[in-house]
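From first to last, the protein sequence lines stand for chains A and B.
By numbering that gives the first Met the number 0, the letter at position 190 of the first sequence is numbered 189, and the numbering carries on one by one without gaps.
By numbering that gives the first Met the number 0, the letter at position 29 of the second sequence is numbered 28, and the numbering carries on one by one without gaps.
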Amino acid sequence: MHIFKNTNFDFLRWRVHALILSWAVILVGAGVFVKKGIQLGIEFAGGTAVIVEFARPVTIQEVRSAIDKGFPGGGSEAVINSFGDPSQHRVMIRVPTVGAESGTALTSTAAQVESALRQANLGNFHRAGTEIVGPAVGQELRSKALLATVLSLVGILAYLAFRFQFSFGVGAVVATIHDLLITLAFLTFFRYDMTLNVIAAILTITGFSTNDTIVIFDRIRENLRSMRRDSMMHVINVSINQTLGRTVITSGTALLTALALFFFGGEVLHGFAFTMIVGIVTGTYSSVFIAAAIVSFWRGTAPTRAASHAPAASAPPATQQPQRKTKPQKKARAS
Amino acid sequence: MPSNVRWKLITILSVFVVFFAVGVYPILAARYRLPAPGWLMEKRLKLGLDLKGGVHLVLRVQTDDALKGETQTEMDRLRDELQNRKIPFTNITLVGPTQFRVEGVPTDQDAAFRQAAQEIQTTFDRGSGVNGSYTFTMKPNIANNLREEAVVQARQTIERRVNELGVAEPSIAQQGTNGDQILVQLPGVSDVERAKSIIQSTGRLELKIVEQGPSPTRESLLVNGQVPQGMEIVPGSSGTPGDNSTVYYLLRSAAAVTGRDLRTARPTLDENNQPAVSFSLNSDGARRFGKITGENVGRQLAIVLDGRVQSAPRLEERITSDGRIHGNFTQQEAQDLSLILRSGSLSAGLTYLQEQTIGPTLGADSIRSGIVASIIGLVLIVLFMLVYYKLSGVNAVVALIFNLVILLGLMAYIGAVMTLPGIAGFVLTMGIGVDSNVLIFERIKEELEAQRGVRASINAGFGRVFWTLFDTHIAALISVAFLFQFGTGPIRGFAVTLFFGLMSNLFTSIFVSKALFETVLANRERQVATLSI
Chain A
0 MHIFKNTNFD
10 FLRWRVHALI
20 LSWAVILVGA
30 GVFVKKGIQL
40 GIEFAGGTAV
50 IVEFARPVTI
60 QEVRSAIDKG
70 FPGGGSEAVI
80 NSFGDPSQHR
90 VMIRVPTVGA
100 ESGTALTSTA
110 AQVESALRQA
120 NLGNFHRAGT
130 EIVGPAVGQE
140 LRSKALLATV
150 LSLVGILAYL
160 AFRFQFSFGV
170 GAVVATIHDL
180 LITLAFLTFF
190 RYDMTLNVIA
200 AILTITGFST
210 NDTIVIFDRI
220 RENLRSMRRD
230 SMMHVINVSI
240 NQTLGRTVIT
250 SGTALLTALA
260 LFFFGGEVLH
270 GFAFTMIVGI
280 VTGTYSSVFI
290 AAAIVSFWRG
300 TAPTRAASHA
310 PAASAPPATQ
320 QPQRKTKPQK
330 KARAS
Chain B
0 MPSNVRWKLI
10 TILSVFVVFF
20 AVGVYPILAA
30 RYRLPAPGWL
40 MEKRLKLGLD
50 LKGGVHLVLR
60 VQTDDALKGE
70 TQTEMDRLRD
80 ELQNRKIPFT
90 NITLVGPTQF
100 RVEGVPTDQD
110 AAFRQAAQEI
120 QTTFDRGSGV
130 NGSYTFTMKP
140 NIANNLREEA
150 VVQARQTIER
160 RVNELGVAEP
170 SIAQQGTNGD
180 QILVQLPGVS
190 DVERAKSIIQ
200 STGRLELKIV
210 EQGPSPTRES
220 LLVNGQVPQG
230 MEIVPGSSGT
240 PGDNSTVYYL
250 LRSAAAVTGR
260 DLRTARPTLD
270 ENNQPAVSFS
280 LNSDGARRFG
290 KITGENVGRQ
300 LAIVLDGRVQ
310 SAPRLEERIT
320 SDGRIHGNFT
330 QQEAQDLSLI
340 LRSGSLSAGL
350 TYLQEQTIGP
360 TLGADSIRSG
370 IVASIIGLVL
380 IVLFMLVYYK
390 LSGVNAVVAL
400 IFNLVILLGL
410 MAYIGAVMTL
420 PGIAGFVLTM
430 GIGVDSNVLI
440 FERIKEELEA
450 QRGVRASINA
460 GFGRVFWTLF
470 DTHIAALISV
480 AFLFQFGTGP
490 IRGFAVTLFF
500 GLMSNLFTSI
510 FVSKALFETV
520 LANRERQVAT
530 LSI
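Structure representation (structure tokens):
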């Protein structure tokens, strides 16, 4: 069975359009970010989050008015969401303040929230979970998250530059940065909180979005040896077409599991799964339209050997190139 | 079957059996009450706090406290030394946690002062004595050592207290960029407030002779508007039941004995059947205590806990080894106080930076949805591989199951903890793990189309894809390593799961999958014309 058989799309023809599209998404994302900001998760922003389980169904409005009335000051900035399965009547109340950072007083805000709910007579309830983060922790975590992302990008650039030519390394890393920016843009569009789990997903994307890129690059390198007469543009296009099936399938299987997490993984993993889904999709798109395109911009003007711009259709698949057999085995490696 | 294929299969099967026994069987045994040896159950994959429920606390050790205590002691010693040598000075004060200043030493006594301060200079740097005032600053390496000691001592004290609380499988570790944070994880603790106050209580017990008091105001104890040298004013409760007003005592600064001299402490009842804490001193403490109480019969002895006078009984006679602390305790409080005293005091205070409580229902829900997501993810992947790659899909599915079993087994074996993000990593490992098979199979298809013959195509497929897989796995491992470095708790669980998932995937997708192909081919006639892929 084949999803794609002997396709012959001229992907690089669309590289400029793709760049414009990507920049548009990123810029709109940046615009939303500047205007509305991105909601930091409690681990980064600090504050108090209480998950309350009610005995009977309550509406968000009821809880909000209870907090407004019973918890003056902190109440107006409270974020109130239903949490998890609606049949369990769970509500998460998040307030940006914490009690004094000294002593056991850290929990005083949580106690205030609880007493506000009790005053409002919303029936029996109990605290199913609490999270309180002092400002110092968030500060430390923010810089650590940024550092980890940057270092991980540098590490991947260094590895790919070592394994491939430098232009390939740059292409892969620019594509990864592109994926991060697009993912951030989507997180702002859909108003997801920047939580620790989301950061974990973003860091995972930096590692895995290069997978498709490496597969395509490996094929480009392999084809460069056998298609010396063709232009770089042509070699890249052929390589993308040859690997198109596996690019789509590998992303597809990863996407299937990310979707399973998104729909069935529960409330806590929602943001994580969303980030993974966006990252996987944009990672596939970017390995074709960004990573390969950058290599073509970098190297594309010069033909690989002689500038015979053969039509793509006449190029036989790499595996049928007779020259291949003359190559030393240890160099011939690609998928 | 050729013997090399047979050996490969035997290796693979034994690897599977071992990892299944460690990683999967104990979980099934616990779930369905199957028989399993105790040592195996002990190795069972552990659940993180976010799945099991419990308290996660991050505390900061106020290392300045420990430095201040040390500086205070040295300052007191110098004051005594100066008084002994009859060197006059107008004032001696603490300036900061690592600094104190002596003022008003007459210039003609300069040499004598320097001599008196000789001993203290092993740990403190002396500033130049302009106008007869000298600033002493703790040497930086000494200060750093003290800070480290304070954190280690705090961690050990917390460990003792948590153990006495009887929490199963607690986890206590140092963390943070300055190394002054302590992470405490207490699975299954329901009374968070009690646990917190026990952990955090300084537990500094001092017994001091009362010079004057109790008095309702602080001012009435001052002599010429000042606290007399070598004395201090300490607040406390009046001691009469039902009276909550604060009274003040003028005490000698030097403690007769402290918590360090305690041999043990336990809850008891006093003569009015009120809960109290009785303590006994070790031999050294008992000797000093006997001497001081003997000299001060008829005066009051203040029992000071964390800077507050608990009670100040009158000394009827010389006391040596045993004493009792009264103070309107409830039974629980008496119990907690004796626990704190037994576990030793903290030389530095603790503050809470972060607290997370996960109720048991929340954790159970997370486990349930994690399992549902895992099963659905697995079913989707299996269906896809079988439909798209037909019989070769079976090969990929077997490799995938191997991968997951090895992953669980490795995690259980090294004692890694399964967290909710870890479950996410487990689910993603399925989706990313079969990618290796996809790459290999696609390559085999390509080789088959080039009329290479089945055997050659399979060999070429595995051979050529190996380095691609190597590169993709290394790139992923780089980011996983930074993820591990960055994260704590649940995120680390995620990084660990991904890490082992990637490692075992390299093994299963290349070694296991290829051996399966070889087995199938070995059982067919020499010239194989078709492959279901």
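No residue lacks a Cβ here, since even glycine has one placed at the ideal position from N, Cα and C.
The structure presented is a predicted model; accordingly, all values stated were derived computationally and were not measured.
In the DSSP assignment, find the alpha helix (DSSP H) that holds M384/B and state where it starts and stops. 359-413
Name the two residues that bound the continuous alpha helix (DSSP H) containing L223/A. 209-225 is the span of the alpha helix (DSSP H), which, as asked, contains L223/A.
Any idea which residues DSSP pairs H125/A with across the strands? E52/A
For E441/B, decide whether its Cβ has a neighbour in chain A, counting only Cβ atoms nearer than 8 Å. yes
Can you find a CB in chain B that lies within less than 8 Å of the CB of F3/A? no
Report the option in K290/B, I302/B, T201/B, A275/B whose CA atom is closest to the CA atom of L249/B. I302/B
Would you grab the beta carbon distance between A480/B and T209/A for me? Rounded to a whole angstrom, and I think it's under 8 Å. About 15 Å; that fails the 8 Å criterion.
In three-state DSSP terms, what is E231/B? strand
To the nearest angstrom, how far is it from the Cα of Q111/A to the Cα of P234/B? 30 Å
According to a CB-to-CB cut-off of less than 9 Å, which residues of the segment 403-430 of chain B neighbour chain A? L419, P420, I422, A423, G424, V426, L427, T428, M429, G430
Three-way DSSP call (helix, strand, coil) for N80/A in this model: strand
Taking a contact to mean a Cβ-Cβ separation below 8 Å, would you say N436/B touches A494/B in this structure? No. Outside cutoff.
Check whether the Cβ of G22/B lies closer than 7 Å to any heavy atom of the ligand GDP, and answer yes or no. The ligand GDP is not among the ligands present in this structure, which contains no ligands whatsoever.
Rounded straight-line distance, which links the Cα of R228/A to that of A305/A: Unreliable positioning characterises A305/A in this predicted model, as indicated by a pLDDT of 39, which lies under 50. A coordinate reading is not provided.
R298/B classed as buried or exposed, judged by whether at least 16 other C-beta atoms fall within 10 angstroms: exposed
Contact criterion: CB-CB distance below 8 Å. Does Y191/A meet it with respect to chain B? no
Identify which residue in A115/B, I157/B, T106/B, T467/B has its Cα closest to the Cα of D75/B. The option with the nearest alpha carbon to D75/B is A115/B.
Report yes or no: is there a C-beta of chain B within less than 8 Å of the C-beta of T103/A? At T103/A the pLDDT is 48, less than 50, meaning the model places this residue with poor confidence; the figure from the coordinates comes in the next sentence. At least one chain B Cβ lies under 8 Å of T103/A.
In or out: N7/A buried (at least 16 other Cβ within 10 Å) or exposed? exposed
Answer yes or no: do S391/B and F440/B have a C-beta to C-beta separation smaller than 8 Å? yes
C-beta contact flag for S344/B and T201/B at 8 Å: yes
At the 8 Å Cβ level, is I490/B part of the contact set with chain A, yes or no? yes
Amino acids of chain B, ordered along the chain, whose beta-carbon sits closer than 7 Å to that of A127/A: G358, T360, L361
Are there three or more Cβ pairs, one per stretch, closer than 8 Å when the segment 256-266 of chain A is compared with the segment 126-141 of chain A? no
Spell out whether any CB of chain A is found under 8 Å from the CB atom of S2/B. Chain A contact via Cβ: absent.
For E517/B, the first and last residue of its enclosing alpha helix (DSSP H): 512-521
Would a check of beta-carbon distances place A305/A closer than 8 Å to chain B? Low local confidence applies: a pLDDT of 39 at A305/A is under 50, so the model's placement there is unreliable, and no value is given.
Can you name the residues that DSSP bridges to G95/B? Q98/B
What span of residues does the beta strand (DSSP E) with M193/A cover, start to end? Unbroken run through M193/A: none, as it is neither H nor E.
For the candidate residues L438/B, G430/B, G414/B, G47/B, whose alpha-carbon lies nearest to that of A253/A? When each option's Cα is compared against that of A253/A, the closest is G430/B.
At least 3 beta-carbon pairs within less than 8 Å: the segment 410-427 of chain B vs the segment 174-188 of chain A: The segment 410-427 of chain B vs the segment 174-188 of chain A: no contact.
Within 10 angstroms of the Cβ of G122/A, are there 16 or more other Cβ atoms? Answer buried if so, exposed if not. exposed
Candidates V54/B, G258/B, V276/B, of which the one nearest D190/B by Cα: V54/B
Exposed or buried, what is I269/A when buried is set at 16 or more other beta-carbons lying within 10 Å of its beta-carbon? One point to set straight first is that residue 269/A is His, not Ile, in the sequence displayed. Around the beta carbon of H269/A, 16 or more other beta carbons sit within 10 angstroms, so the residue counts as buried.
With DSSP collapsed to three states, give me the class of T96/A. coil
Pull up the CB-CB distance for D260/B and N281/B, whole angstroms please, since I reckon it's below 8 Å. 6 Å
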